[in-house]
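In this note's numbering, the protein residues as written are 1 to 348. Where is the CB? At the ideal position from N, CA and C, for every residue including glycine.
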Ligand code: 5AD
Ligand code: FES
């Protein structure tokens, strides 16, 4: 790949649409691009890797996204919900293992009203005042986001999935609108959350132009966290027959993201580790600086199945952390016990 493109991206943090497309279509992930991204990541975050304890607390979902294994039309999904006490027990275990961020993720489950979810968040913050709580529970009203923020939630993850409205319409039923999703993200930001967004790589019908639009949307939003992972088909969804996204494209985009958003918190995702057994290690080496081990009770792990063959569904939390620690160190980084807030320019 043209050295000068990588240099320009490193120096200015931006490229023209055509130049971005050139990297997306013809760039290789494991060369100068990766080295430039790793250099940038070390400038801002050194060798530190932040861990987030992921608690998948409900797989009920009222939505019907075509790609997702827990979509409401999937009658074969076995549904579960954790109680507030069960969620707290996961946090307790996680705190002992060194986690200072808990990510509560679930489908869009109307059972978890504002009242109930606020009580869960407040309970966690009360017992673990030194920890950040991240929510990842989809689209809600601004008022609901406000209440959850008042209850103590610090961060929110809501991938935009794809910034192109026509592409959005191919991945989602008409009841879901790309405008509302974007509005949610700006609402969250204005309420003072640290916000994460992102998209799937290699989702059905995705074009290089779509990916450029994703990068442009992220520039507009300027999120603190950016999560991307390969699309992986799930046998019980309308997209069962589609090819998976690749690790190579995901890694290339992680490097591009690191160079465009030097301070962003970028996870090496479970989906990346699912398409390639060393995907998460490669993701870190490509510029990612976060890993999100699963803290859900082992008995429900397999049920939170957004895509086929998800890794880490049989391991206890402690095993996952030990395994990840070794993996992180194998590529020259180290896991730290820290909330891992975004590093803003003034702190450097
Ligand atoms: N493959 C990969 N990622 C998926 N997600 C949902 N379904 C899939 C799939 N089949 C991602 C979406 C969502 C996040 C929680 O998981 O991007 O925002
Ligand atoms: Fe879960 Fe390796 S990280 S088993």
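Subject >> Nearest-angstrom Cβ-Cβ length linking residue 275 and residue 328, presumed shorter than 8 Å >> reply: As a working mapping, residue 275 is identified with position 275 in the chain shown. As a working mapping, residue 328 is identified with position 328 in the chain shown. Contact flag wrong, Cβ pair sits at about 19 Å.
Subject >> the segment 233-250 / the segment 191-208 touching (three or more Cβ pairs under 8 Å) >> reply: yes
Original post:
If you check the beta carbons only, do residue 208 and residue 21 fall under 8 Å apart?
Top reply: By one-based count along the chain shown, residue 208 stands at place 208. By one-based count along the chain shown, residue 21 stands at place 21. Yes, the Cβ-Cβ distance between residue 208 and residue 21 is below 8 Å.
Original post:
What are the partner residues of residue 102, as DSSP defines its beta bridges?
Top reply: Translated into the one-based positions of the chain shown, residue 102 becomes position 102. Residue 102 pairs with 53, 133.
**OP:** Specify the secondary structure class of residue 206 as computed by DSSP and reduced to three states.
**Re:** Looking up residue 206 in the chain shown gives position 206. Here residue 206 carries a coil assignment [DSSP, helix/strand/coil].
Subject >> Reference residue 111; option with closest CA among 281, 74, 49, 62 >> reply: Taking the first residue of the chain shown as position 1, residue 111 is located at position 111. Of 281, 74, 49, 62, the residue nearest in Cα terms is 62.
Original post:
Hey, is residue 306 close to ligand 1, as in C-beta under 7 Å from one of its heavy atoms?
Top reply: On the chain shown, position 306 is the one that residue 306 refers to. It does: the Cβ of residue 306 is within 7 Å (strictly closer) of some heavy atom of ligand 1.
Subject >> For residue 335 and residue 144, the rounded distance between their alpha carbons >> reply: In the chain shown, the residue the question calls residue 144 occupies position 144. In the chain shown, the residue the question calls residue 335 occupies position 335. If you take the alpha carbons of residue 144 and residue 335, they lie about 34 Å apart.
**OP:** With DSSP as the reference, label residue 339 as helix, strand or coil.
**Re:** Position 339 of the chain shown, counted from the start, is the residue given in the question as residue 339. Here residue 339 sits in coil by DSSP.
Original post:
With respect to 7 Å, is the separation between the Cβ of residue 156 and the closest non-hydrogen atom of ligand 1 below this value?
Top reply: Within the chain shown, residue 156 is the residue found at index 156, counting from 1. The answer is no for residue 156.
Subject >> Nearest-angstrom beta carbon gap, residue 311 and residue 270 [assumed within contact, 8 Å] >> reply: By one-based count along the chain shown, residue 270 stands at place 270. By one-based count along the chain shown, residue 311 stands at place 311. Yes, residue 270 and residue 311 are in contact; Cβ-Cβ is about 6 Å, under 8 Å.
Subject >> residue 21 - partner residues in DSSP beta bridges >> reply: The count along the chain shown starts at 1 and reaches residue 21 at position 21. Answer by DSSP bridge pairing: none, since residue 21 is not bridged.
**OP:** Helix, strand or coil for residue 230, going by three-state DSSP, please let me know.
**Re:** Here residue 230 refers to the residue found at position 230 when the chain shown is read from its first residue. Reduced to three states, the DSSP call for residue 230 is strand.
**OP:** Go ahead and pull the three-state DSSP assignment for residue 274.
**Re:** Against the chain shown, residue 274 aligns to sequence position 274. Residue state, collapsed to three classes: helix.
**OP:** Drop a sphere of 10 angstroms on the beta-carbon of residue 351, count the other beta-carbons inside from all chains shown, and report buried for 16 or more, exposed for fewer.
**Re:** The shown model of the chain, from 1 to 348, leaves out residue 351, and the question about it has no answer.
**OP:** Assign residue 155 to one of three DSSP states: helix, strand, or coil.
**Re:** On the chain shown, residue 155 is found 155 positions in, with the first residue counted as 1. Of the three classes helix, strand and coil, the one that applies to residue 155 here is strand, per DSSP.
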